[in-house]
Every structure is written in structure tokens, then in C-alpha cells.
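Take a look at the structure set out below.
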Amino acid sequence: MKLRPLHDRVIVKRLDTERKTSSGIVIPDNAAEKPDQGEILAVGNGKIQEDGKVRPMAVKTGDKVLFGKYSGQTVKVDGEELLVMREEDIMAVVE
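Quick note on numbering that gives the first Met the number 0: the sequence shown kicks off at 0 and runs consecutively.
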């Protein structure tokens with residue numbers, strides 16, 4: 000990957016959601032909601048606190064996480080849409 004997040008930021012790839020309902024109806028791309036789950040591709044070193052110490056990240060590369068629908072900043076890298084967000088925007092790790 001050509002991106003290395005700084006401080007308490009992470010790079011997340013959204014996980015694809017099901018495009019078909021249980022009854023078999025296919026949902027077009029423009030009507031589908033953005034998924035709120037993703038996989039962490041890269042993490043920064045951690046948040047720099049007021050005393051100058053670095054608090055390590057609670058998440059790691061490969062974790063599957065939940066985040067808000069409008070969290071993060073969308074960027075395109077090598078034709079792939081990724082999210083850059085702060086660690087505090089992550090609500091949970093899916094285990």
C-alpha cells in the first residue's frame with residue numbers, strides 16, 4: 000500500500016454488502032446504502048497525548064470494524080476507494 004496513516008488514523012476498506020434481499024430482489028448500486036463495516040488495512044503509531052507520550056492503537060491491521068456511515072474521508076488509491084479515519088470514529092471491532 001502506498002498510504003501510511005499518521006498518529007491515530009487508520010485506513011479502512013469497506014466490506015461489500017449483500018446486493019440481493021432474502022426474497023431475491025437485486026438492489027442497484029445507486030439505491031444501496033454504504034456499508035458501515037470494513038477491514039483495517041493500515042494503522043498509525045498512536046495518538047500523541049498532551050504530555051508528549053504516544054498512546055498505542057487499540058486496533059490492528061486485519062481487524063474488521065464497525066463505524067458510522069459518514070465517518071472518515073474517502074480517498075482513491077490505485078482505483079480502489081478507501082477511508083481514512085481517526086481511531087475514535089471506530090465504534091467496535093467485530094470478532
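Ideal placement from N, C-alpha and C gives every residue a C-beta, glycine not left out.
A quick note: this is a predicted structure, and the numbers were derived from the prediction, not measured.
Practice item. Can you tell me the Cβ-Cβ gap for ASP62 and ILE39, rounded? I've got them flagged as a contact below 8 Å. Key: Contact between ASP62 and ILE39 holds, since their C-beta atoms are separated by about 5 Å, short of 8 Å.
Exercise for review: Express the C-alpha separation of GLY45 and LYS75 in angstroms, rounding to a whole number.
Suggested key: When rounded, the distance between both Cα atoms is 24 Å.
Review point. Relative to the C-alpha of LEU111, which residue among GLU80, ARG8, VAL92, MET84 is closest?
Key: Since the first residue shown for the chain is 0 and the last is 94, residue 111 is missing from the structure and cannot be characterised.
Practice item. Note down the Cα distance separating ASP50 from ARG3, rounded to an integer number of angstroms. Key: 24 Å
Exercise for review: Determine the direct distance from the alpha carbon of ILE24 to that of VAL9, and round the result to whole angstroms.
Suggested key: Cα-Cα distance, rounded: 35 Å.
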